[in-house]
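Here the structure comes first, spelled out in structure tokens, and everything after it is commentary.
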């Protein structure tokens, strides 16, 4: 429409006229000078568009680009590899992929608590996220969510990687909402702003479930970007999608540039003397179509997507029911990513930052003053712990059953251990082993 909003042409697969007011039937061209639609066999009157109805979608889009959580919640990955919703904002997603904790706390999966300096609260359980629907171009084809359907030169549908994108007249490129296509320069322009226009990707056949296609760009074993995109890392470390092929990923992990451009300061792209605005990346999506080629253990055996190949006791392969898991040395168990196996204790353990700083030791009082006897004529008060100091004498740690650090200058509360430099107390988060490894059924890789 003239005000840059969307309008509806009252006929299928119509041609939108340049005046942004009228449209013509499929296969005709607009003749605005004579207010008609031209075909090889005759003319038709111009049709007038009507304003489109806005559909409001509130919520938080998860990194897979397809799961939606309510406002005021947090996206957290589930054991299945899909996303769930923690019912509080800025939450901490626990490593069991089932629970979450408020911001500023630490997950204690052994005690089933969220720990902070002053309190301990129960773990929160995640809720399933809603699946975001694709953008329908017609009854047969669709584009990924937050894309725009545009006609290609062949007359088929293409996908522009912008919400309410502007379809350029060459039927090859498109621009973000509010921009105008400049065919002469090959750019998108808006009130002095200029960026390189983007080539559309072919639309895909609609399906009841979002699936990866052969044309999708794989980022890793479980994440992909739409066709003609480029995988780039985001600030979070997750994969993002740059909406142009063979793009340059900028070091700020927020922008990317078209092929042939270099990233410059301020989020811009430069080629020679031409400087255009950098493109913003979008989160990559987790592929829902199993890709045995990517998840293969060897050329004969593979595990389902979302699981990890581990060597078994018999020397073959087994499947850990967790993504990116750590295979234990007993070849019978596995642990979540980020944990280490404690085979003797039969637990998965991970060091997490604690709420306590290491405390300096204090000199113990002489004989008879305190109640905790250290030796060599030294005592500490009740609820303190005797520790050897750096001079070989005794000092007092102000915690009952405290842990004496190796630097002989600091100590930590019970249940913690000293960091390498002695200035921080770390707590080892442990969780019991779950189901042991399962033997996969050997199957040919595709």
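Residue numbers (the UniProt record's numbering): 1 to 446. Glycine is no exception: its CB is placed at the ideal position from the N, C-alpha and C atoms.
Query raised in the report: Exposed or buried, which one is residue 8 when buried takes at least 16 other CB atoms within 10 Å?
Result: Taking all protein chains in view, the Cβ of residue 8 is surrounded by fewer than 16 other Cβ atoms within 10 Å, so the residue is classified as exposed.
Query - Span of the beta strand (DSSP E) around residue 122 - result: Its beta strand (DSSP E) spans residues 120-122.
Query raised in the report: Does DSSP put residue 99 in a helix, in a strand, or in coil?
Result: The answer is strand: DSSP assigns residue 99 an E or B state.
Query - Cβ-based neighbour list, residue 155, same chain, cut-off 7 Å, excluding 5 preceding and 5 following - result: No residues qualify anywhere along the chain.
Query raised in the report: Quick one: what does DSSP say residue 32 is sitting in, helix, strand or coil?
Result: Three-state DSSP puts residue 32 in a helix.
Query - Span of the beta strand (DSSP E) around residue 379 - result: Residue 379 -> beta strand (DSSP E) spans 378-380.
Query raised in the report: If you draw a straight line from the C-alpha of residue 217 to the C-alpha of residue 322, how long is it?
Result: Between residue 217 and residue 322, the C-alpha separation is close to 24 Å.
**Report entry** Contact between the region 374-385 and the region 393-402 (3+ Cβ pairs under 8 Å)
**Finding:** Cβ pair count under 8 Å is three or more, so yes.
Query raised in the report: What do you get for residue 34, buried or exposed, if any count of 16 or more other CB atoms within 10 angstroms of its CB means buried?
Result: Label assigned to residue 34: exposed.
Query raised in the report: For residue 105, does the three-state DSSP call read helix, strand or coil?
Result: Coil, per DSSP.
Query raised in the report: Counting along the chain, where does the beta strand (DSSP E) carrying residue 318 start and finish?
Result: Counting along the chain, the beta strand (DSSP E) containing residue 318 begins and ends at 317-320.
Query raised in the report: Within the present structure, is the beta-carbon of residue 120 separated from the nearest heavy atom of the ligand COA by less than 7 Å?
Result: Judged by which ligands are present, the structure shown has none, so any question about the ligand COA falls away.
**Report entry** Pair within 8 Å by beta-carbon distance, residue 263 and residue 247
**Finding:** Residue 247 is positioned such that its CB atom lies no closer than 8 Å to that of residue 263.
Query raised in the report: So residue 22 is in the beta strand (DSSP E); what residue range does that whole segment cover?
Result: Judged by DSSP secondary structure, residue 22 falls within the beta strand (DSSP E) whose first and last residues are 22-24.
Query - Coil, strand or helix - residue 331 by DSSP - result: Residue 331: coil per DSSP, three-state reduction.
Query raised in the report: How many Å lie between residue 276 and residue 158 at the Cα?
Result: It is roughly 24 Å from the alpha-carbon of residue 276 to the alpha-carbon of residue 158.
Requested in this report: Return the residue from the list 120, 105 and 409 that minimises the CA-CA distance to residue 111.
Outcome: Cα-wise, what sits closest to residue 111 is 120.
Requested in this report: Give the DSSP-derived three-state secondary structure of residue 303 in the structure shown.
Outcome: DSSP places residue 303 in the coil class of the three-state scheme, outside both helix and strand.
Requested in this report: Answer with buried or exposed for residue 307, where buried requires no fewer than 16 other C-beta atoms within 10 angstroms of its C-beta.
Outcome: Buried, because 16 or more other Cβ atoms sit within 10 Å of the Cβ of residue 307.
Query raised in the report: In whole angstroms, what is the alpha-carbon distance linking residue 178 and residue 99?
Result: The straight-line gap separating the alpha-carbon atoms of residue 178 and residue 99 is approximately 42 Å.
Query raised in the report: Would residue 212 be called buried (16 or more neighbouring beta carbons within 10 Å of its own) or exposed?
Result: Per-residue confidence for residue 212 stands at a pLDDT of 41, beneath the threshold of 50, marking its modelled position as unreliable; the derived number appears in the next sentence. Taking every protein chain shown into account, the CB of residue 212 has 16 or more other CB atoms within 10 angstroms, so this residue is buried.
Report task. State the DSSP-derived secondary structure class of residue 117, mapped to helix, strand or coil. Result -> In the three-state reduction of the DSSP assignment, residue 117 falls in the coil class.
Query raised in the report: By Cβ distance below 6 Å, which residues in the same chain neighbour residue 103 in space, the five residues on each side in sequence not counted?
Result: Only 90 meet the Cβ criterion.
Requested in this report: Using three-state DSSP, classify residue 224 as helix, strand or coil.
Outcome: Three-state DSSP puts residue 224 in a strand.
Query raised in the report: Cα separation between residue 2 and residue 336?
Result: Taking the Cα positions, residue 2 is about 54 Å away from residue 336.
**Report entry** Nonlocal neighbours in the same chain, by C-beta distance under 6 Å from residue 87, ignoring five residues either side
**Finding:** Taken in chain order, the residues that qualify are 73.
Report task. Quick one: give me the first and last residue of the beta strand (DSSP E) that residue 68 is part of. Result -> Start and end: 67-69.
Query raised in the report: Alpha carbon to alpha carbon, what distance is there between residue 194 and residue 174?
Result: Roughly 13 Å separates the two Cα atoms.
Query raised in the report: If we count the other Cβ atoms within 10 Å of its Cβ and call it buried at 16 or more, is residue 42 buried or exposed?
Result: A residue is called buried once 16 or more other Cβ atoms fall within 10 Å of its Cβ, and residue 42, having fewer, is exposed.
Requested in this report: Please work out which residues of its chain come closer than 7 Å, Cβ to Cβ, to residue 250, disregarding the five sequence neighbours upstream and downstream, and give them in chain order.
Outcome: Excluding positions up to five away in sequence, the list reads 256, 257, 263 and 278.
Query raised in the report: Can you give the Cα-Cα distance for residue 23 and residue 148, rounded to whole angstroms?
Result: Their Cα atoms are separated by approximately 18 Å.
Requested in this report: Name, in chain order, the residues that DSSP records as bridge partners for residue 83.
Outcome: For residue 83, which the question treats as bridged, DSSP gives the partners 77.
**Report entry** For residue 94 and residue 101, believed in contact at Cβ under 8 Å, the rounded distance
**Finding:** Sure, about 6 Å apart at Cβ, within 8 Å.
Requested in this report: May I have the straight-line CA-CA distance separating residue 83 from residue 114, to the nearest angstrom?
Outcome: Rounded to whole angstroms, residue 83 to residue 114 spans 21 Å at the Cα level.
Requested in this report: Figure out for me which residue from 408, 398 and 13 has the closest Cα to the Cα of residue 140.
Outcome: Closest option to residue 140, Cα to Cα, is 13.
Query raised in the report: Does the Cβ of residue 223 have 16 or more other Cβ atoms within 10 Å, making it buried, or fewer, making it exposed?
Result: Buried, because 16 or more other Cβ atoms sit within 10 Å of the Cβ of residue 223.
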